[in-house]
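Please read the structure below before turning to the comments.
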Amino acid sequence: MSQPENGAPENGVSADDVRKIARLSRLHVEDAQCGNLADELNGILGWIEQLGEVDVEGVEPMTSAVDMSAPMRADEITDGGKRDDVLKNAPKKDDGFFVVPRSVE
Amino acid sequence: MFIAPRVADKKDWLKGETGDWEIIIGLEVHAQVASNSKLFSGASTEYGSQPNSQVSLVDAGMPGMLPVVNEFCVEQAVKTGLGLNAQINLFSRFDRKNYFYVDLPQGYQISQFEHPIVGEGEIEVLPIDADGNTLEPVTVGIERLHLEQDAGKSVHDLSPDETYVDLNRCGVALMEIVSKPDMRSPEEASAYVDKLRGIVRALGTCDGDMEKGNLRADVNVSVRKPGGELGTRCEIKNVNSMRFIRQAINFEARRHIEIIEAGGTIDQETRLFDSVKGETRTMRSKEDAHDYRYFPDPDLLPLQLEQSFVDKVKADLPELPDAIKARFMSGYNLSEYDARILTADKGKSDFYEAVAGGRDAKIAANWMMGDLFGALNKAGTELEDSPVTAPMLGVLIDRIADKTISGKIAKDVFERMFAGEGDADTIIETQGLKQVTDMGAIEAMVDKAIADNAGQAEKAKENPKLLGFFVGQVMKASQGKANPQAVNEILRKKLGL
Amino acid sequence: MSDLTKLTLEAALGGMEKGEFSSVELTQAHINACADAGKLNAFITDTHELALEQAKASDARRAKGTVGLLEGAPLGVKDLFCTDGVKTCAGSKILGDFEPTYESSVTANMKADGMVMLGKLNLDEFAMGSSNETSAYGPVINPWRKDEDLVPGGSSGGSAAAVAADLCLGATATDTGGSIRQPASFTGTVGIKPTYGRCSRWGTVAFASSLDQAGPIAKTVKDAAILLESMSGYDAKDSTSLNVDVPKWSNSCGQSVKGLRIGIPKEYRMDGMPEDIQALWDRGIEWMKDAGAEIVPITLPHTKYALPAYYVVAPAEASSNLARYDGMRYGLRVDGKDLNDTYDRTRTEGFGDEVRRRIMIGTYVLSAGYYDAYYLRAQKVRTRIVQDFENAWQSCDAILTPTAPSAPFAVGRKVTDPIQMYLNDIFTVTTNLAGLPGISVPAGLNADGLPLGLQIIGRALDEDTVFKAASALEDAAGFTAKPEAWWT
Ligand SMILES: [Mg+2]
Ligand SMILES: [Zn+2]
Numbered sequence: 001m002s003q004p005e006n007g008a009p010e011n012g013v014s015a016d017d018v019r020k021i022a023r024l025s026r027l028h029v030e031d032a033q034c035g036n037l038a039d040e041l042n043g044i045l046g047w048i049e050q051l052g053e054v055d056v057e058g059v060e061p062m063t064s065a066v067d068m069s070a071p072m073r074a075d076e077i078t079d080g081g082k083r084d085d086v087l088k089n090a091p092k093k094d095d096g097f098f099v100v101p102r103s104v105e
Numbered sequence: 001m002f003i004a005p006r007v008a009d010k011k012d013w014l015k016g017e018t019g020d021w022e023i024i025i026g027l028e029v030h031a032q033v034a035s036n037s038k039l040f041s042g043a044s045t046e047y048g049s050q051p052n053s054q055v056s057l058v059d060a061g062m063p064g065m066l067p068v069v070n071e072f073c074v075e076q077a078v079k080t081g082l083g084l085n086a087q088i089n090l091f092s093r094f095d096r097k098n099y100f101y102v103d104l105p106q107g108y109q110i111s112q113f114e115h116p117i118v119g120e121g122e123i124e125v126l127p128i129d130a131d132g133n134t135l136e137p138v139t140v141g142i143e144r145l146h147l148e149q150d151a152g153k154s155v156h157d158l159s160p161d162e163t164y165v166d167l168n169r170c171g172v173a174l175m176e177i178v179s180k181p182d183m184r185s186p187e188e189a190s191a192y193v194d195k196l197r198g199i200v201r202a203l204g205t206c207d208g209d210m211e212k213g214n215l216r217a218d219v220n221v222s223v224r225k226p227g228g229e230l231g232t233r234c235e236i237k238n239v240n241s242m243r244f245i246r247q248a249i250n251f252e253a254r255r256h257i258e259i260i261e262a263g264g265t266i267d268q269e270t271r272l273f274d275s276v277k278g279e280t281r282t283m284r285s286k287e288d289a290h291d292y293r294y295f296p297d298p299d300l301l302p303l304q305l306e307q308s309f310v311d312k313v314k315a316d317l318p319e320l321p322d323a324i325k326a327r328f329m330s331g332y333n334l335s336e337y338d339a340r341i342l343t344a345d346k347g348k349s350d351f352y353e354a355v356a357g358g359r360d361a362k363i364a365a366n367w368m369m370g371d372l373f374g375a376l377n378k379a380g381t382e383l384e385d386s387p388v389t390a391p392m393l394g395v396l397i398d399r400i401a402d403k404t405i406s407g408k409i410a411k412d413v414f415e416r417m418f419a420g421e422g423d424a425d426t427i428i429e430t431q432g433l434k435q436v437t438d439m440g441a442i443e444a445m446v447d448k449a450i451a452d453n454a455g456q457a458e459k460a461k462e463n464p465k466l467l468g469f470f471v472g473q474v475m476k477a478s479q480g481k482a483n484p485q486a487v488n489e490i491l492r493k494k495l496g497l
Numbered sequence: 001m002s003d004l005t006k007l008t009l010e011a012a013l014g015g016m017e018k019g020e021f022s023s024v025e026l027t028q029a030h031i032n033a034c035a036d037a038g039k040l041n042a043f044i045t046d047t048h049e050l051a052l053e054q055a056k057a058s059d060a061r062r063a064k065g066t067v068g069l070l071e072g073a074p075l076g077v078k079d080l081f082c083t084d085g086v087k088t089c090a091g092s093k094i095l096g097d098f099e100p101t102y103e104s105s106v107t108a109n110m111k112a113d114g115m116v117m118l119g120k121l122n123l124d125e126f127a128m129g130s131s132n133e134t135s136a137y138g139p140v141i142n143p144w145r146k147d148e149d150l151v152p153g154g155s156s157g158g159s160a161a162a163v164a165a166d167l168c169l170g171a172t173a174t175d176t177g178g179s180i181r182q183p184a185s186f187t188g189t190v191g192i193k194p195t196y197g198r199c200s201r202w203g204t205v206a207f208a209s210s211l212d213q214a215g216p217i218a219k220t221v222k223d224a225a226i227l228l229e230s231m232s233g234y235d236a237k238d239s240t241s242l243n244v245d246v247p248k249w250s251n252s253c254g255q256s257v258k259g260l261r262i263g264i265p266k267e268y269r270m271d272g273m274p275e276d277i278q279a280l281w282d283r284g285i286e287w288m289k290d291a292g293a294e295i296v297p298i299t300l301p302h303t304k305y306a307l308p309a310y311y312v313v314a315p316a317e318a319s320s321n322l323a324r325y326d327g328m329r330y331g332l333r334v335d336g337k338d339l340n341d342t343y344d345r346t347r348t349e350g351f352g353d354e355v356r357r358r359i360m361i362g363t364y365v366l367s368a369g370y371y372d373a374y375y376l377r378a379q380k381v382r383t384r385i386v387q388d389f390e391n392a393w394q395s396c397d398a399i400l401t402p403t404a405p406s407a408p409f410a411v412g413r414k415v416t417d418p419i420q421m422y423l424n425d426i427f428t429v430t431t432n433l434a435g436l437p438g439i440s441v442p443a444g445l446n447a448d449g450l451p452l453g454l455q456i457i458g459r460a461l462d463e464d465t466v467f468k469a470a471s472a473l474e475d476a477a478g479f480t481a482k483p484e485a486w487w488t
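Residue numbers (our numbering), protein chains in the order written: chain Y, 1 to 105; chain R, 1 to 497; chain D, 1 to 488.
Structure below.
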């Protein structure tokens, strides 16, 4: 992807970018669709790029609407011991385990 | 990018066809926080239970489930940071590390990326060579310590074409301790991990159990010409013993040198250590894109600690291995070697202090490191379950000091104590090992020995070496209980030496 | 007996209190109405048997003298709230027939207060949409009609349509960019998004965690107050939940607004905005003035940047929040040739176009090299928007704006153009970014006889003033219009 300058990337999302994003998102995109999808994303991102007009010099980013320190809980065992609940909706389970496609390492 | 100014000791250089190479090593140690419940859920951290029996709906990534921070885990991270002489960050934040994997239910790991709870620190490490000799101390920089969630466990051998997933470990709190690339040999690396282990165990923030994987190291290895350009590094994941750490580094360094000298290049990758083959092999498939898209977890708020909280943790900090060792060397006049052995862990140093208290420190050290450790080794027993307790060993040493028994008899008493025959006094009593100090009795035995060996007694005047023969006779007669000094004196007098 | 479904929540609670009818009778009347309203497609899952059991239990409690805040009231629940033992699918195929083993904190509060649950209401998939057309369970049709089928707005379109069509006395909803208020405006109902942190997010399927807030859609401002009192409350299981007590907001309704300073932001006068919306807003200003409020012009200079900032922050959080839907532990799994193929097929078939689109945008704006340009910048713009409001509060106590830039539009009209669709939230999204309370009140009909709403925005945690101003607006508007029941 072209490096962003003052903010936005110069020539936007390419079909290859779409492939990379789809891969990261674990979404399948047909090669044929990559071009259209790139245009669509560029349309939205182009509209988003007006954010470049805002002066954000020395402005703190806002990560939450709640301005306080993280509340903390005591170190007590208050949960677990509910294997049936945990596995209840599993597409496949066996012998107390979730069963999933082989993940080779 | 890291800079690595220190050049390895020549003895640590590796010979290649194109000349010498040095190894640059940095470690990421994952230490499991010794907490009852998980970092963000109330499920137990108990090891080795039924699969998925210690999983909350939060750990399983169920829709709408939310994390809440475990206060104890935060405190342990701060404690450990202080133990590493590191900067404690009053402001820290949890970020999401996004990637897909079957043991990662949320599709992201909650970690600390931009603002870790602990910043830079450093510790001094004493590498030990193969013969157990201490080498030059090395200062290893700590880059950071952050809190993060552990992942679940994938089991690949229950089905040929499927993976079984157990989420019990999922969400357990880990402290990831990242070093600077300050190590230059396998010995330095394992000594560093050993040092970290000692610190977290002394602090009680992690049990340091490497077999259970409660303390494991990701080892970053690269090679370069001594003092030259840094090479590309590879990360060897989850190495879980000191020996494996050294093996993995040796193998990986050799691998790099061979590839580079054959004109190839190293690609930066994550590798696994196969402890059976003693080799490392590549782990994640190349096609997998690496872009973790870290961003602040919007389900959590930043951690904002009070300085007063940090001060309190600092005030309650227990004495750390370095301090104990220094105290042993100055207070008990122990050699660096003895002090190192006796402070290897809290159990040893506590045991030693119980024995040495109010006694001859050197004698206490010798008994512990010689007879006791020897016997424990032979029996394959840990100090914790030693049949000879610190008070028992103390009394034994007292009995030598007050001349109730000789050092020689003491060895016998020790063996009987170790065999479980009771404490020193009982054994001395029941076995009648009490030393004979009654001069009359000894004189009688001496006279008898001289009478029985009149000829020898004559020769003794010209050949004082025969004294030993008479000492032997008398000791034999006393079944070793006669006080050796007394026997000597009286014999010399009677034999006119 | 007169049609019990025409009652407000307040009147229905009063009727049961006086013993005029039972919860079972009230519930049965609503079940009948639901049964006749299939054309609206407002519900994904009916729980009528369960509702009748709950109603019986409620009547029994009342007989014993235990009467909760919502005792015996038949309500609808947006299918984003997890309900113990009742299918919860967020309007998505990817959750399959997911049946939670837990109850969201919001609905748990309401059950504890005596709620009777009629069913799970339709919505845009994962609450991503402004027309309820992205639901995998088909679009919800607005009870209000003009020659053709109209959208009820979104994402809480099922909640809004069901309340507007008298299928339930009120409903839960959620609002991430306007998903309570815009559908309320489109259906002639009242909808409030409280201050961020008032309602626990625990057990509610997440869209964008830093923006999501639950709230009610109701027939009147007072009904909304009663419902919000039940839904709100501190929850230690949600780290962003506010540990503050819940005022009796229903008492604020009807109180005088004399002397209250109502701000009118000039930036909300958008060119291209329909005249009847502009006219309605002007009328609203007059109504507040007549009620004794002081009107003050204010400026919220960064308003036009709120929506683009939202379309960075919300998709970014969503791309991560929706990663858990991977076919491994629950919901849909579409087997592929290997693990990655299974991930890809499951998520590609499980998510609809709009959700996939937002996941892709969110992944892009967080990806290496783009984080600062998009995500970080959007968060700084978010700070600017908060500062705008802080400055405004110097000169006013509440802000009056239109709720939505348009009246309900025809089904299928805007689905093809994402940005046109996004613009629906232009007046509502600022309060999500700032975490402020906002309410939509039905204030009139446009030339086509379709409902239009006005919005009151308040200070953080000042729902009191919001309800006060909203009920003044409600009284002045005297909005009584109802869609005629073409769907039965
Ligand atoms: Mg790491
Ligand atoms: Zn880690």
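Each residue gets a CB set at the ideal place from its N, CA and C atoms; glycine is no exception. Computed from a predicted structure; not experimentally measured.
Which residues DSSP lists as bridging residue i, in chain order
i: T303/D; result: In the DSSP output, where bridge partners are listed per residue, T303/D has none listed.
i: Y504/R; result: Since the first residue of chain R shown is 1 and the last is 497, residue 504/R is not available in this structure.
Cβ neighbours of residue i in the same chain (closer than 7 Å, five flanking residues each side left out)
i: Y192/R; result: L27, V125, V140, S179 and M183
i: F97/Y; result: none
Where residue i falls, given that 16 or more other Cβ within 10 Å makes a residue buried
i: G462/R; result: According to the sequence displayed, residue 462/R carries Glu and not Gly. Exposed: under 16 other Cβ atoms inside 10 Å.
i: A112/D; result: exposed
i: Y337/R; result: exposed
i: N70/R; result: buried
i: R269/D; result: exposed
i: M1/D; result: Interpretation of M1/D is limited by its pLDDT of 47, a score under 50 that renders its predicted location unreliable; no figure is taken from the coordinates.
i: I3/R; result: exposed
i: A451/R; result: exposed
i: G412/D; result: exposed
Close beta carbons around residue i, own chain, < 6 Å, minus the five adjacent residues each side
i: K286/R; result: Reliability fails at K286/R, whose pLDDT of 48 lies under 50, so the model's placement of it is uncertain and the value that follows must be treated cautiously. So the list is empty, once near-sequence residues are dropped.
i: P437/D; result: P194, T195, G458, E463 and V466
Sequence-distant residues of the same chain with beta carbon closer than 8 Å to residue i, five excluded per side
i: G107/R; result: G61, N98, Y99 and F100
Neighbour flag for residue i against chain B, beta carbons, 8 Å
i: K6/D; result: No chain B appears in the structure shown, which is made up of the protein chains Y, R and D.
Exercise. For the 8 Å Cβ check, are there 3 or more pairs between the stretch 204 to 221 of chain R and the stretch 92 to 105 of chain R?
Worked result: no
Exercise. Does the stretch 207 to 219 of chain D touch the stretch 248 to 264 of chain D, meaning 3 or more C-beta pairs lie closer than 8 Å?
Worked result: no
Exercise. Using a Cβ cut-off of 9 Å, which residues of the stretch 134 to 162 of chain R contact any Cβ in chain Y, in chain order?
Worked result: G152, S154, V155, H156, L158, S159, P160, D161 and E162
Exercise. Of the residues that make up the stretch 84 to 104 of chain D, which ones have a beta carbon closer than 7 Å to any beta carbon in chain Y?
Worked result: F98, E99 and T101
Exercise. At a cut of 8 Å, does the stretch 165 to 174 of chain D reach the stretch 214 to 224 of chain D through at least three beta carbon pairs?
Worked result: yes
Exercise. Should the stretch 423 to 441 of chain D be called in touch with the stretch 304 to 315 of chain D, which here means at least 3 C-beta pairs below 8 Å?
Worked result: yes
Problem set entry | the stretch 218 to 235 of chain D contacting the stretch 337 to 352 of chain D, beta-carbon criterion three pairs below 8 Å | no
Problem set entry | Contacting positions in the stretch 183 to 217 of chain R - beta carbon closer than 8 Å to chain D | none
For this session: Specify whether the stretch 391 to 401 of chain D and the stretch 151 to 164 of chain D touch according to this definition: at least 3 beta carbon pairs, one from each stretch, less than 8 Å apart.
Result: no
For this session: Count the C-beta pairs between the stretch 357 to 364 of chain R and the stretch 316 to 334 of chain R that are closer than 8 Å, then say yes if the count reaches three, no if not.
Result: yes
For this session: Could you tell me whether the stretch 140 to 152 of chain R touches the stretch 74 to 82 of chain Y, using the rule of 3 or more Cβ pairs below 8 Å?
Result: no
For this session: Could you list the residues in the stretch 16 to 33 of chain Y with a C-beta less than 8 Å from some C-beta on chain R, going in chain order?
Result: K20, R23, L24 and R26
Exercise. For the stretch 333 to 349 of chain D, which residues have a beta carbon sitting closer than 9 Å to at least one beta carbon of chain R?
Worked result: L339, N340 and Y343
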